Amino acid sequence: MPELPEVETVARRLSTVLSGKVIQGVSVLREKSFQGDPSRLTGLTIKSVSRRAKIISINFHEDIKIIVHLKMTGQLIYFSKKEKIGGGHPSQDWVSKLPSSHTRIVMDLSDGAKLFFNDMRVFGWWKVVSGEGAELEFQKYGPDVNTDAFSLEYFLSKLPNRRVSIKQVVMDNKVVAGIGNIYASEALFLAKIDPTRATNSLSKKEVTRLFPFLKKVIEDGINAGGTTFDGKYVDVFGFAGSYQNQLKVYGQDGENCKICKSIIEKVKLGGRGSYFCPSCQK
Numbered sequence: 295m296p297e298l299p300e301v302e303t304v305a306r307r308l309s310t311v312l313s314g315k316v317i318q319g320v321s322v323l324r325e326k327s328f329q330g331d332p333s334r335l336t337g338l339t340i341k342s343v344s345r346r347a348k349i350i351s352i353n354f355h356e357d358i359k360i361i362v363h364l365k366m367t368g369q370l371i372y373f374s375k376k377e378k379i380g381g382g383h384p385s386q387d388w389v390s391k392l393p394s395s396h397t398r399i400v401m402d403l404s405d406g407a408k409l410f411f412n413d414m415r416v417f418g419w420w421k422v423v424s425g426e427g428a429e430l431e432f433q434k435y436g437p438d439v440n441t442d443a444f445s446l447e448y449f450l451s452k453l454p455n456r457r458v459s460i461k462q463v464v465m466d467n468k469v470v471a472g473i474g475n476i477y478a479s480e481a482l483f484l485a486k487i488d489p490t491r492a493t494n495s496l497s498k499k500e501v502t503r504l505f506p507f508l509k510k511v512i513e514d515g516i517n518a519g520g521t522t523f524d525g526k527y528v529d530v531f532g533f534a535g536s537y538q539n540q541l542k543v544y545g546q547d548g549e550n551c552k553i554c555k556s557i558i559e560k561v562k563l564g565g566r567g568s569y570f571c572p573s574c575q576k
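Here our numbering is used: the first residue of the sequence shown is 295, the next is one more, and so on.
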């Protein structure tokens, strides 16, 4: 599943090609993937594309939005006479004829352009909502990690009496939105904190040390266009992100730590693989 930097990359670049386009119609090929009345969208002009948490929001001048969650295997592919660009889970759909067997929704746009939503496992979705409806969806999440709303004071207020691991807490989207397995592993390594530590065992000094690294790894990930690791994610122009070249521990179990040369270990936390250096992280 894409994390905040990958979704942000898709939203930013889709905004450059979708803004100003008029919707000619929306075809829903699988009902499970679409919630709302697609006919409401015909004739609307796209104002912008933005992101909240891991949700992409297609915005209009009217009080209506399309909110999109890619989940595990979702793709958004923009196709016009001049270009074919897409972002999401990489598969043969990038080069095959569109619509493909995994196409769930097709949006017809002005100038003959189209936006395809492909989703092999059918976990992703589009929802047509009002501005208020979008806010109700967004309220399910904590503040985005890369915003001022996610402050040190806020972070500290969410930690007391939590016995679960600190890694599970920073990956809890109700606490802070957008931090997944890759970026949580990297931030904890930079802060020299063992991901298995019970949250209530961390001192205020340790939490204060971790906080800026949570923001740093996300910002670095956005600047790098996200992470393409083991074929997981491709950005909206079909180019891989490069944050994987900056990884210190994620996916590197059995390899030497880049700092101390100890062996990177992998453990399971909350059903997810967690990578850390047992010497550097305490």
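Cβ coordinates follow ideal geometry from the N, Cα and C atoms, glycine included. Quick caveat, the model's predicted, so the values are computed rather than measured.
Can the beta-carbon of residue i be found closer than 8 Å to that of residue j?
| i | j | result |
| --- | --- | --- |
| Arg415 | Ser327 | no |
| Ser445 | Gly406 | no |
| Val458 | Val464 | no |
| Ile516 | Thr303 | yes |
| Ser279 | Tyr544 | Nothing in the structure corresponds to residue 279, since the chain is present only between 295 and 576. |
| Lys359 | Leu298 | no |
| Gly436 | Lys461 | no |
| Phe417 | Ile371 | no |
| Val423 | Leu323 | no |
| Arg346 | Phe449 | no |
Report the partner residues of residue i according to the DSSP bridge assignment.
| i | result |
| --- | --- |
| Leu370 | Gly381 and Phe411 |
| Lys585 | The question about residue 585 has no answer here: the residues shown for the chain are numbered 295 through 576. |
| Leu403 | Ile317 |
| Gln329 | Lys421 |
| Ser459 | Ala492 |
| Ile361 | Ser351 and Lys421 |
| Ala471 | Asp438 |
So is residue i buried or exposed if we call it buried at 16+ other beta carbons inside 10 Å?
| i | result |
| --- | --- |
| Gly278 | Limits of the chain in this structure are 295 at one end and 576 at the other, which puts residue 278 out of reach. |
| Lys526 | For Lys526, the predicted model reports a pLDDT of 49, less than 50, meaning its position is unreliable; a value from the coordinates is still stated below. Buried, since its Cβ has 16 or more Cβ neighbours within 10 Å. |
| Gly564 | exposed |
| Pro296 | buried |
| Gly567 | exposed |
| Ala492 | exposed |
| Gly319 | exposed |
| Ile512 | buried |
| His363 | buried |
Taking only three categories from DSSP, how would you classify residue i?
| i | result |
| --- | --- |
| Val311 | helix |
| Gly319 | strand |
| Asn353 | strand |
| Thr441 | coil |
| Val530 | For Val530, the predicted model reports a pLDDT of 47, less than 50, meaning its position is unreliable; a value from the coordinates is still stated below. DSSP places Val530 in coil when its eight states are reduced to three. |
| Ala492 | strand |
| Ser394 | coil |
| Ala347 | coil |
| Asn583 | A question about residue 583 goes unanswered here, because the residues of the chain that appear run from 295 up to 576. |
| Ile340 | strand |
Report task. Could you tell me whether the region 376-383 touches the region 431-443, where touching means 3 or more Cβ pairs closer than 8 Å? Result -> The region 376-383 vs the region 431-443: no contact.
Query raised in the report: Do the region 310-319 and the region 475-495 touch if we need at least three Cβ pairs shorter than 8 Å?
Result: no
Query raised in the report: On the three-pair Cβ rule with 8 Å, is the region 553-564 touching the region 446-453?
Result: no
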